[in-house]
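Residue numbers (the working numbering), protein chains in the order written: chain S, -17 to 534; chain L, 7 to 362.
Some notes on the structure that comes next.
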């Protein structure tokens, strides 16, 4: 199959072959499409070999005929008679435009007119893309060629989670269950391949899809199991998973979540879920994160926190009391009274949630600070944090808290409850959807949260912290966060976004067109070690249980 | 690979190098394929009066399976001073013939490579040259250039431009190639009444031919001389007057013309609507068939056969090379493709001239 000749190279005065581009006409009745990879004869650099072979990825297809103009076609239908069926078919052929990926003798000469083009085999395609099997290869899906060839696609862990490069971003419109599914597929693949080297923190920001990821799927799909096989993976749910839910005083099992209560109960009985809270001591440290969406050009909040008598603050109520005094007339505070009143109001409002409380003595509340949960996390484990029921500003607090705690642990500046620094996390992956909420475009000056995320994306790879982010629109995310991602995944998007976001502009028209029509389970992938800008991949559906949301 | 001109200059002939000039400019674009043979007699059985409307044939009904065209390119490459002091041109050329076959399932046309041929020629004047010497010279040029060249002679005539005579010789060689291809196709039994060959141009070859080989061949000319007369007596009219009165799908009666005692039935057919044409003759074709059987030779071509051929020609009118060829309205697309195929098989002007 792979040796079937499917066309011949065409090089003309106007469209010559170059070191990087080649065009070929396609044999009649051969079906090809963008992202197919073909093998083309080229000159040999060795005397004992007749040919070398170049490999090229198809970027676009044109059908050309010998018609001089649209008018010629109109004339050829008896001057516009739509009922006419011409006796003769016009001369025409499909021209494929392809980018050279690789040559097996490192020949970079432009490919000559008339050179034979044939299908490439799976091994040849992997070599051409630069994804031959390595010890740190992570399955990332599979490609399907038009001739039926299926090629396993792998990413290099050292370029996905450090130290060479790191961070992954997934963009695509919602509703196709693709972004989260792909991130979870990739995390599952990492857990299977690098189980004892990587820990993971997953944020649940919508629905309840990732709140039972250690439970096998209740709807096994035989077809999709083959997808896992094609990727060289076992269709297994995640192992060693812990769950954190927002604490609630009144809800069942004190978990403020949409997840079905029976599942919460089971998770608590199995000893793998807790309810997170902020006591005033930890809360004070992270208070700027709670107001990361509030403009504070004169740093009033910092001044106020600095002037607090920390020794005398034993509870959230005493904090509110001290803040209240600062906002009273005649206060000795040098913070402007209007700013003090604003923050008094904000603190009262934003710390009214049940998660702002003091540690309970009984075990039934299953209290756990987020930093405690991270400190206890070990390589090979997954921590799922549910932030979905929380308002945006609390989501930002929790996300920022995780990032800063991780960073402190990695930098060795975190003091554990035992008073020692602790880092048994291995490499850490943090996955969060709706990244645009945490690191919106052009926001670093005023947002401490964006600053933390930028710090992680710019220095995290050397520390072993990788951010897997997802969002609907890349145009809404901070440029430097995206720019530091070594791996980018593009899901289906709208033509408005294609025009709006500069990152899509460099893609060929055919790729841009394909992005607006990607079916479920299909994505485009860009990775630091690929020898092409983008490849189209398929991946299997999640094989863990995705519960429907229950009531509060 | 050495330059041919350098080799020629070292020969016994007094060769003067000149700039290479392409001679393929259209000198008589409108009447290029015209002839001066008279056509007086109506040649159709039963005869029709003035004109007849024809219906388009469907793909299933068409009887045209093969399309043949010949083409040439000519270049003046040097001048030659003969021993008796004449100054005469040496002309080189590329000639080619191609046959395309219709694939009825796809409506596309494929090249019949076994019946397609390209030759390269160098034409010397016959004065001051020896045929055997030139044959030897041709072998040496072939060896030198790596391309097969045939070296031949043109006959120098008084009051005729030597360059035109050289070109005529090359054109004649091209016709020989066409006739050879027809002979081969006939002997290979490719042609039949249901699988006819369309030949581009007139059947009025200035050569001895065996007309039996032309039983299933129609000659179609894109151009003709409008001032030549057909008919006789009161019915005598100029071709231009006759053709300009035709509407789309109408044909004239068949007239007889005779070349070298071979009778040819000739008629005109309009394949394009006049209202879209820029002149009265645009969109009209001249069709020719040999009268082969005794009955045809005596009474003319059967009217129903003429109608069938006309219907098939009419159905070939689409698609068109509109915008690509100024003769688009008179071109049949398969012939246009055949012509293009040959031209693309020729060496480019740059490469060919570079050999010299």
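The C-beta atom is built at its ideal place from N, Cα and C for all residues, glycine as well.
Only a predicted model underlies this, so the values are computations on that prediction, with no experimental measurement involved.
Beta-bridge pairing of residue i - partner residues as DSSP gives them
| i | result |
| --- | --- |
| residue 93(L) | 87(L) |
| residue 225(L) | 205(L) and 294(L) |
| residue 441(S) | BP columns for residue 441(S) are empty, so no partner. |
| residue 222(S) | DSSP, once it has assigned bridges, lists no residue as partnering residue 222(S). |
| residue 413(S) | 184(S) and 450(S) |
| residue 104(L) | 75(L) |
| residue 21(S) | 37(S) and 100(S) |
| residue 210(S) | In the DSSP output, where bridge partners are listed per residue, residue 210(S) has none listed. |
| residue 268(L) | 265(L) |
| residue 51(L) | 308(L) |
| residue 127(L) | 99(L) and 156(L) |
| residue 7(S) | -10(S) and 77(S) |
| residue 349(S) | 257(S) |
| residue 489(S) | Bridge partners of residue 489(S): none, in fact. |
| residue 153(S) | 453(S) and 472(S) |
Nearest candidate by alpha-carbon position, reference residue i, set the options
| i | options | result |
| --- | --- | --- |
| residue 479(S) | 456(S), 493(S), 470(S) and 462(S) | 456(S) |
| residue 289(L) | 57(L), 316(L), 275(L) and 116(L) | 275(L) |
| residue 12(S) | 132(S), 101(S), 73(S) and 86(S) | 101(S) |
| residue 503(S) | -9(S), 143(S) and 160(S) | 160(S) |
| residue 355(L) | 303(L), 85(L) and 126(L) | 126(L) |
| residue 124(S) | 433(S), 209(S) and 242(S) | 209(S) |
| residue 173(S) | 139(S), 520(S) and 246(S) | 139(S) |
| residue 291(L) | 301(L), 92(L) and 280(L) | 280(L) |
| residue 239(L) | 20(L), 9(L), 165(L) and 46(L) | 46(L) |
| residue 347(S) | 246(S), 1(S), 16(S) and 477(S) | 246(S) |
| residue 218(S) | 244(S), 180(S), 229(S) and 168(S) | 168(S) |
| residue 360(S) | 332(S), 408(S) and 383(S) | 408(S) |
| residue 2(S) | 524(S), 514(S), 519(S) and 525(S) | 514(S) |
| residue 213(L) | 152(L), 254(L) and 264(L) | 264(L) |
| residue 28(L) | 19(L), 251(L) and 78(L) | 78(L) |
| residue 510(S) | 0(S), 196(S), 85(S) and 147(S) | 147(S) |
| residue 464(S) | 334(S), 418(S) and 144(S) | 418(S) |
Residue i burial status per 10 Å Cβ neighbour count (16 or more: buried)
| i | result |
| --- | --- |
| residue 327(S) | exposed |
| residue 33(L) | Because residue 33(L) carries a pLDDT of 45, less than 50, the predicted location of this residue cannot be relied on, and the following value inherits that uncertainty. Flag for residue 33(L) reads exposed. |
| residue 204(S) | Any reading at residue 204(S) must be qualified, since the residue scores a pLDDT of 48, below 50, and its modelled position is unreliable; the value itself is stated next. Exposed, because fewer than 16 other Cβ atoms sit within 10 Å of the Cβ of residue 204(S). |
| residue 402(S) | Any answer about residue 402(S) is weak, because its pLDDT of 49 lies below 50 and its placement is not dependable; what the coordinates show is given next. Classification for residue 402(S): exposed. |
| residue 339(S) | buried |
| residue 522(S) | buried |
| residue 104(L) | buried |
| residue 35(L) | Bear in mind that the predicted position of residue 35(L) carries a pLDDT of just 42, short of 50, making it too unreliable to give a figure here. |
| residue 117(S) | exposed |
| residue 381(S) | buried |
| residue 268(L) | buried |
| residue 349(S) | buried |
| residue 524(S) | buried |
| residue -12(S) | buried |
| residue 343(S) | exposed |
Whole-Å CB distance - residue i paired with residue j, under 8 Å assumed
| i | j | result |
| --- | --- | --- |
| residue 69(L) | residue 318(L) | 6 Å |
| residue 188(L) | residue 219(L) | 6 Å |
| residue 14(S) | residue 93(S) | That pair is no contact at about 17 Å. |
| residue 439(S) | residue 149(S) | 5 Å |
| residue 412(S) | residue 82(S) | So it is not a contact: roughly 37 Å between Cβ atoms. |
| residue 217(L) | residue 298(L) | 6 Å |
Within-9 Å CB hit, residue i to chain C
| i | result |
| --- | --- |
| residue 58(S) | Although the question refers to chain C, the structure presented lacks it and instead comprises the protein chains S and L. |
Quiz item: Is the stretch 138 to 146 of chain L close to the stretch 192 to 208 of chain L, with three or more CB pairs under 8 Å?
Solution: no
Quiz prompt | Meets three-Cβ-pair contact criterion under 8 Å: the stretch 307 to 314 of chain S and the stretch 248 to 264 of chain S | solution = With a cut-off of 8 Å, the stretch 248 to 264 of chain S and the stretch 307 to 314 of chain S do not count as touching, because too few Cβ pairs lie within range.
Quiz item: Looking at C-beta atoms only, is the number of pairs between the stretch 158 to 178 of chain S and the stretch 468 to 483 of chain S that lie closer than 8 Å three or more?
Solution: Yes: at least three Cβ pairs fall under 8 Å.
Quiz item: Is there contact between the stretch 80 to 90 of chain S and the stretch 55 to 62 of chain S, where contact requires at least three CB pairs shorter than 8 Å?
Solution: The stretch 80 to 90 of chain S and the stretch 55 to 62 of chain S do not touch, with fewer than 3 CB-CB distances between them shorter than 8 Å.
Self-check item: Contact the stretch 11 to 31 of chain L vs the stretch 80 to 89 of chain L: 3+ CB pairs below 8 Å
Solution: yes
Quiz item: So, do the stretch 59 to 68 of chain L and the stretch 334 to 353 of chain L have three or more beta carbon pairs nearer to each other than 8 Å?
Solution: no
Quiz item: Do the stretch 348 to 362 of chain L and the stretch 76 to 85 of chain S make contact, defined as three or more Cβ pairs closer than 8 Å?
Solution: no
Self-check item: the stretch 372 to 379 of chain S in contact with the stretch 188 to 195 of chain S per 3-pair CB rule at 8 Å
Solution: no
Practice problem: Spell out a yes or no on whether the stretch 444 to 454 of chain S and the stretch 482 to 490 of chain S are touching, meaning 3 or more CB-CB pairs, one atom from each, closer than 8 Å. | Solution: no
Quiz item: Is it true that the stretch 261 to 273 of chain S meets the stretch 217 to 232 of chain S, where meeting means three or more beta-carbon pairs spaced less than 8 Å apart?
Solution: Touching, no.
Quiz item: Does the count of Cβ pairs from the stretch 42 to 49 of chain S and the stretch 105 to 117 of chain S closer than 8 Å reach three?
Solution: Too few Cβ pairs lie closer than 8 Å, so no.
Quiz prompt | Segment contact flag, the stretch 285 to 296 of chain S with the stretch 314 to 326 of chain S, C-beta cutoff 8 Å, min 3 pairs | solution = yes
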